[in-house]
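Taking the numbering used here, I'd label the letters of the sequence shown as residues 1316 to 1467. Yeah, the Cβ is synthetic: ideal placement off N, Cα and C, and Gly gets one too.
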Amino acid sequence: MTDAREVTLKEVMDDDWDRVIALRRTEGDDRLVASNACSLAETRINIHATALAICAAGEVVGFLMYERLAEEGRPNAYSIFRLMVDARHRGRGIARAAIRHVIDRLMNDPKLELISICYVADNAAARNLYGSLGFKEIGLDEDGEMIAEFRP
């Protein structure tokens, strides 16, 4: 396990793109999360999206994106819509630490109402991770993905 204090989040800048794109997914992850290249491109058109490199011991080991849901008329709500940890760094608690850091970051918004996250409904690892961090499942979205919410 990685100590959560060793995991940091860093806004992805232009010079970080190559490191984020080079992160490797495990076989089968294609159905669970979009490619990092597509996600980074999305930040160029979605002004409410924030792309973060997940770092451990000074190395980029993962990627996370969230957005403020302002365009949906919910300026005090956020959605974590990308999370991946490089295949070589799985099983060390990095995803858990990254989500905790994002929750802490978003809790700085005094008007925060909720943080949502979606995942493939049969992804037991995601269900267990998010549930252990206080996310409550509320049902399936129009694409059949599970929606879970964290409320402060």
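1) Please name the residue in Ser1350, Ile1414, Glu1460 and Glu1457 whose C-alpha comes closest to that of Gly1449.
2) Measure the C-alpha to C-alpha separation of Ala1337 and Arg1389 and round it to an integer number of angstroms.
3) Please determine, among Ala1385, Asp1424 and Phe1378, the residue with the shortest C-alpha to C-alpha distance to Arg1339.
4) Is the beta carbon of Ile1409 closer than 7 Å to that of Val1327?
5) Tell me which residues share the same chain as His1363 and place their Cβ nearer than 6 Å to its Cβ, disregarding the 5 neighbours each side in the sequence.
6) Judging by CA-CA distance, which residue of Arg1405, Asp1333 and Asn1443 is the nearest neighbour of Ala1371?
7) Is the beta carbon of Met1380 closer than 7 Å to that of Arg1359?
8) Let me know if Ala1440 comes out buried or exposed under the rule of 16 or more other beta-carbons within 10 Å of its beta-carbon.
9) Can the beta-carbon of Cys1433 be found less than 7 Å from the beta-carbon of Glu1460?
10) Using DSSP's beta-bridge definition, name the partner residues of Gly1454.
11) For Leu1347, which residues in the same chain have their Cβ closer than 7 Å to its Cβ, ignoring the five residues on either side in sequence?
12) Return helix, strand or coil for Asn1423, following the three-state DSSP convention.
13) May I ask you to report which of helix, strand or coil DSSP gives Glu1374?
On the basis of the data shown:
1) Ile1414
2) 34 Å
3) Phe1378
4) no
5) Glu1382, Arg1383 and Ala1385
6) Arg1405
7) Here Arg1359 is not near Met1380, since their CB atoms are 7 Å or more apart.
8) exposed
9) Yes, the pair counts as a contact, with Cβ atoms nearer than the cut-off.
10) DSSP lists Ile1462 as the beta-bridge partner residues of Gly1454.
11) A caution first: Leu1347 carries a pLDDT of 49, below 50, which makes its placement in the model unreliable, though a value can still be read off. So the qualifying residues of the chain are Val1435 and Asn1438.
12) coil
13) strand
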